[in-house]
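Note sheet for the following structure.
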Amino acid sequence: MDLAYTPEEEEFRARLREWLAKALPALPPKPSPRDWPGRRAYDLGWQRMLHDAGYAHVHWDASPTTRLIFLEETEAAGAPYVGAGFVGLLHAGPTIAAEGTPEQRDRWLPPILRGEEVWCQGFSEPDAGSDLASLRTRARRDGDDYVVTGSKIWTSHAEVADWCELLVRTDPAAPQHRGITWLAMPMSAPGVEVRPLRTLAGSTEFAEVFLDEVRVPVANRVGEENDGWRVTMVTLSFERGTAFVGEVVACRRVLGELARTARENGRWDDPVLRRGLGRLNAEFRALWRLTQWNVSEAEASGGGVPGVGGSVFKLRYSHARQELYDIAAAVLGAESLDLEQPWVQDRLSSLSYTIAAGTSQIQRNIVAERILGLPKGR
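For reference, each letter of the sequence shown is one residue, going 19 to 396 in my numbering.
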C-alpha cells in the first residue's frame, strides 16, 4: 500500500499550515474544563472559523487522506480539539453522510459544519454497555412518530447537545442485532431528562439520559427500521478508525514535552523511565503508520468508511495512551496529584480509554473473529 502523499495533498497541507499560523493567535482564552456551556461556545466558535476559511468540509467531503492531513496539522499546531463537536463531527456526521438520505444530509450536516449544533451519543445503557446489542430502550411506531422510552448512560456531551444519535429497539421479538434502529432525536423534545455525571476530574462531559414517551419523527430514522445495527457499525468504524487520529499526534507531542521536563527536573537519569519513553516513541510511530494504512485501505475500498482494522488501532492505542500518562506521573512525581499540573487531567481521562468506544475485550473479539477468522466464543 502506497502511503506517500500526492503533490495536491502536500499543497493542501502547506495552505492549511499557513492559515493556522494566522488564525490561532486570534482565538479567545480557552474556558475551564469544567465549564461546558463555555466550552461549547468556544468549540463551536473554532468550528465556525474553520468553516469560514473553507476547511470544515474535510470531515466528509474530502478524501480520507485529506482528513488525515487536516487532523495531523491542526493537532501539531496546537489548534483546539473538536471538543463539544466530537460526536457530531466524528461520529454522527460521517454516519449521516454515509447512510442518510439527501434530505437528512441537507438538514443535519451544514449546521454541524458551521458550528451551530452539537450532538451527543445515546448508545450505552446501564445494562447494555459492552453488550450493546442487548439494549432495552424501546421505540414503538405511532403514525409518523416513534415513541421512545428507556434510558442511556455515558451519553457524551448530552448536557450541551441539540441532537442525539440514539439506538432504540423497534422489534423486541427479533434477534438482538436485528431489532435495532438508529434515530436522530432532538434533545429539546418533551420527555427528555439529562442528569450530568461528574468525572474524577470534576467535569461533566457524560450524562445519564432518561426518555419518557419521547416522540421522534420517523423521518429522523437513518437507515431502515430494524437495520440500525448495520448503521451502528458504520458509526463505530469512524469512532474506532479515525476519531482518535489527532490524539496520536498529541501523544507524540506529549512524549517530547515529557522528555524535556525529565531532563529539567533530574528524572532523566532514571534508565527505566528513559527506556519507557523510547519504547512509547516507537509505539506511537507505529500507530501513526497503522493509521495511514487504515486510511489508505478506506480510500481504496470506496466510500471512505474505515474497516475492522480500526479495532486493531483502538485496542493498542488505548493501552499506549494509559502507559504514556503513567510515565507522565513518574516524571511529575508528587505533582502528579495536583489537578492543575500539566498532564494530570489527561491521565485521569486516559483511564476510560480501554472502556470508551468499545472495551478492549470487545476489540479483541472483533480482531479474533473478523480478522483472524477464529470461531465465536460460546
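A virtual CB, placed ideally from N, CA and C, is assigned to each residue, including glycine.
Sequence-distant residues of its chain with Cβ nearer than 6 angstroms to residue i (five each side left out)
i	result
D288	none
M203	C182, L184, V234
Q65	G103, G133
P49	G56, R57, Y60
L308	F331
Y164	A157, V234
T253	H109, T113
A95	L38
Chain-order list of residues whose beta-carbon lies under 8 angstroms from that of residue i (same chain, five-residue window excluded)
i	result
A71	W37, A41
R365	Y343, D344, A346, A347, S354
A192	N244
P190	R156, G197
N283	V349, G351
P144	S169, I171
R297	none
Pair within 7 angstroms by beta-carbon distance, residue i and residue j
i	j	result
V272	W306	no
V240	V227	no
G133	L218	no
G246	T173	no
A225	E177	yes
L291	A348	yes
P51	S206	no
R397	G168	Lying before the first or after the last residue shown, residue 397 is absent from the chain, which here runs from 19 to 396.
V405	V232	Nothing can be reported for residue 405, as the shown portion of the chain is limited to 19 through 396.
G294	N244	no
D180	E135	yes
Q194	S152	yes
L89	G264	yes
V166	Q139	no
V76	T84	yes
L34	A74	no
L201	N238	yes
E117	V249	yes
E93	A304	no
Same chain only: Cβ atoms within 7 angstroms of residue i, ignoring 5 sequence neighbours per side
i	result
E301	A338
W78	G111, P112, A115, L127
R31	I87, E91
P393	none
H69	L131, R132, G133
E242	none
G101	R57, D61
A80	none
L229	T155, V166, T167, G168, S169, G209, V210
G161	none
E27	T83, T84, I87
E29	none
Residue interval of the alpha helix (DSSP H) (run including residue i)
i	result
W64	54 to 70
W37	25 to 41
A191	Run containing A191: none; DSSP gives neither H nor E here.
Bridge-paired residues (DSSP) for residue i
i	result
L201	L184, R239
Boundaries (first-last residue) of the beta strand (DSSP E) holding residue i
i	result
L215	210 to 215
Minimum length 3: unbroken beta strand (DSSP E) runs contained in the region 217 to 284 = 224 to 235
Could I get the ranges of all uninterrupted beta strand (DSSP E) runs contained in the region 122 to 186, with 3 residues as the minimum, in chain order?
-> 137 to 140, 156 to 160, 163 to 170
Length-filtered (4 minimum) alpha helix (DSSP H) runs lying within the region 91 to 118 | Secondary structure remark: continuous alpha helix (DSSP H) runs of at least 4 residues inside the region 91 to 118, in chain order: 111 to 117.
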